[in-house]
Amino acid sequence: MEQEKLELKKRYIGVFSLNYFTQGIVQSNFTTIIPIYLLQLIGTVDAGEIASIMSLVLLPFGVKFIYGMLSDKFGFKNIGRRKPWIIGPSIISGLLWVFFPFILTPSNAMTMVLVLGVFIVIGVAMADTAIDGLILDLYPKERLGRVQGVCWGFRSVGIIAGGPLLVVFILLAGGIIEYAFIGLGIAMIIFSFLIIIVKELKKSVEINIIDNLIVIFGKAKNWKVYIFSLFNSIVDGVIFLFIPLFILIQWGLVGSTGASIDLIGDPTREDLYAPNALSAFIIGLGVITGALLGGRMADLQSRKRSVYISLLITTISFLLFLIPVIWSILMFFAFLLGGAAGWKNSAFSAVIAQESQLYPDYDATYYATCNSFTNLGATIGLELTSILFASLVGLPTFAIYAIIFLFMAILINIDFIPFLTMDPNEYEINPIEKK
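Heads up: the sequence shown begins at 0 in numbering that gives the first Met the number 0, then just goes up one per residue.
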């Protein structure tokens with residue numbers, strides 16, 4: 000395979016980060032804004048039902064390897080093989096957000112959030128996969144950890160700071176939340192077009208999808224990476240969706256009986272968006288901090304050590320939530336848990352990015368396959384959470400959440416098993432020194 004060398008301009012990372020940022024805001028919308036929006040539209044929601052819906056919305060991320068194959072194989076001569084799969088799907092997702100507020104009603108809200116959410120996430124997942132492939136095409140392994148750390152950081156800014164930003168937007172729009180959905184859709188479309196300024200590598204390679212799939216799924220060692228990917232994210236849904244809701248409950252801002260969540264006082268109140276967004280913002284600060292630290296350690300010290308530390312911090316942070324404390328202390332716990340999530344994802348990204356470079360002709364497909372299992376893990380985690388909510392009906396609210404957090408602390412440690420079976424020579428930068 001012949002590959003030209005390109006100047007890696009600093010603004011490229013800015014373009015990637017802006018797109019990751021809007022993708023993060025999409026996730027923030029589903030975890031921070033949509034639950035409160037549903038609460039206002041309907042009045043009472045079941046935490047288990049929310050977990051189930053969000054797990055289904057995330058399902059398109061579980062088949063990212065398909066989008067990876069598309070961006071590896073198909074493109075346009077004058078545009079490239081990655082850009083069409085970034086711009087086109089982003090436009091579709093953006094337009095769906097624009098139409099979103101005109102479709103939802105109190106009678107169809109849960110169903111339409113599920114249906115529109117799935118199609119929005121399909122567009123986001125396609126664009127995300129193509130950007131991942133573009134980064135793998137452009138950057139050498141010595142810079143992948145830091146580049147991925149920055150990108151994960153900006154995605155995390157979108158995931159968490161996106162909530163407060165949307166709240167500010169809502170307030171500036173006179174309290175009309177629907178404008179936030181429309182604004183997000185427009186931003187997604189605009190930022191996707193910025194990818195045009197990035198010059199792609201031209202690879203003289205013939206992609207054979209069937210042969211690639213046989214290699215990707217046929218090698219036993221790859222399944223170690225996929226299982227590691229699955230369990231790496233199995234607790235993420237709980238972190239980003241239920242930690243802010245738990246803090247609202249402990250804060251006394253929403254009522255809760257068992258797994259049911261309901262409004263206190265005026266059903267049209269808009270002041271819930273701000274405290275929920277604040278909780279999400281605190282988690283986001285932790286995510287950014289953890290992502291930067293984890294990426295730096297993965298590049299400059301040891302990727303294995305970075306993974307170990309991330310899993311340890313995640314375990315300890317979940318266990319802290321078993322302590323009955325006031326909401327302000329819970330915010331500090333949330334920061335630590337966010338830091339653990341950011342560190343974990345940054346270290347994970349560095350590992351699978353280098354594993355992907357073992358297959359240069361279809362690196363995006365391999366990387367996307369790993370992320371498919373990652374998102375499948377998040378979906379499984381939310382479904383398990385939904386089952387726990389249903390099974391623990393009748394217990395006090397704090398007891399239900401404590402059991403879920405304890406279960407998550409145990410579950411994340413399963414990730415040690417597949418990671419220990421992986422060959423460090425394949426993911427460490429200097430394998431002889433880092434064994």
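Ideal placement from N, C-alpha and C gives every residue a C-beta, glycine not left out. Quantities reported herein were computed from a predicted structural model and do not represent experimental measurements.
Between Ala377 and Asp210, the CB-CB gap reaches or exceeds 9 Å. Ile195 is positioned such that its CB atom lies no closer than 9 Å to that of Ile325.
Within the segment 24-95, the complete alpha helix (DSSP H) segments at least 4 residues long are 33-41, 46-56, 63-72, listed from N- to C-terminus. Residue state for Gly338 is assigned as helix, using DSSP reduced to three classes.
Between Leu387 and Ile403 a beta carbon distance of about 5 Å is seen, short of the 8 Å cut, so the two are scored as contacting. Closest in C-alpha terms to Ile189, from the list Ile90, Ile65, Leu40, comes Ile90. Here the alpha carbons of Ala333 and Ile282 stand approximately 5 Å from one another. The beta carbon of Ile242 is closer than 8 Å to those of Ser278, Ile282, Phe320, Ala333, Leu336 in its chain, skipping five residues each way along the sequence.
In the structure shown, the three-state DSSP call for Val253 is strand. For Ile325, the secondary structure class from DSSP, reduced to helix, strand or coil, is coil. Boundaries of the alpha helix (DSSP H) around Met125: 108-137.
Leu244 places its beta carbon 9 Å or farther from that of Leu381. Secondary structure of Ile428 (DSSP, three-state): coil.
In the DSSP assignment, Ile260 forms a beta bridge with Val44, Ser255.
In this structure, Ala290 keeps its C-beta atom at 9 Å or more from the C-beta atom of Ile312. Contact between Leu135 and Tyr366 holds: their C-beta atoms lie close to 6 Å from each other, under 8 Å. The beta carbon of Ile102 lies closer than 6 Å to those of Met111 in the same chain, with the five residues before and after it left out. Here the alpha carbon of Leu183 sits roughly 42 Å from the alpha carbon of Thr420. In its chain, beyond the 5 residues on either side, Val117, Val120, Ile121, Ala124 have a beta carbon closer than 7 Å to the beta carbon of Pro59.
Ranking Ile399, Ser385, Phe192 by CA distance to the CA of Leu55 puts Ser385 first. Looking from the CA of Phe372, the closest CA among Phe153, Phe180, Ile65, Phe29 belongs to Ile65. When DSSP states are grouped into helix, strand and coil, Lys343 belongs to the helix group. Cα atoms of Ala352 and Lys220: separation of roughly 16 Å, rounded to the nearest angstrom. Between Glu354 and Tyr307, the CB-CB gap reaches or exceeds 9 Å. Runs of alpha helix (DSSP H) with 4 or more residues, each lying fully within the segment 360-395, are found at 362-390, listed in chain order. For Pro274, the enclosing alpha helix (DSSP H) stretches over residues 272-299. In this structure Ile185 is exposed. Its beta-carbon is surrounded by fewer than 16 other beta-carbon atoms within 10 angstroms.
Straight across, the Cα-Cα distance linking Val146 with Val97 is about 31 Å. In its chain, beyond the 5 residues on either side, Asp127, Ile130, Cys150, Trp151, Phe153, Arg154, Gly157 have a beta carbon closer than 8 Å to the beta carbon of Tyr19. Taking all protein chains in view, the Cβ of Pro323 is surrounded by fewer than 16 other Cβ atoms within 10 Å, so the residue is classified as exposed. Between the alpha carbons of Ala408 and Ile238 lies a gap of roughly 11 Å.
A straight line joining the alpha-carbon of Pro88 with that of Ile246 spans about 35 Å.
Of the residues assessed, Leu133 falls on the buried side of the cut-off, its CB having 16 or more other CB atoms within 10 angstroms. With contacts defined as CB atoms closer than 9 Å, Ser228 and Asn370 qualify as a contacting pair. By the neighbour-count criterion, in which 16 or more other beta carbons inside 10 Å mark a residue as buried, Phe280 falls on the buried side. The beta carbon of Ser232 sits closer than 6 Å to those of Thr373, Gly376, Ala377, all from its chain and outside the five residues before and after it, given in chain order.
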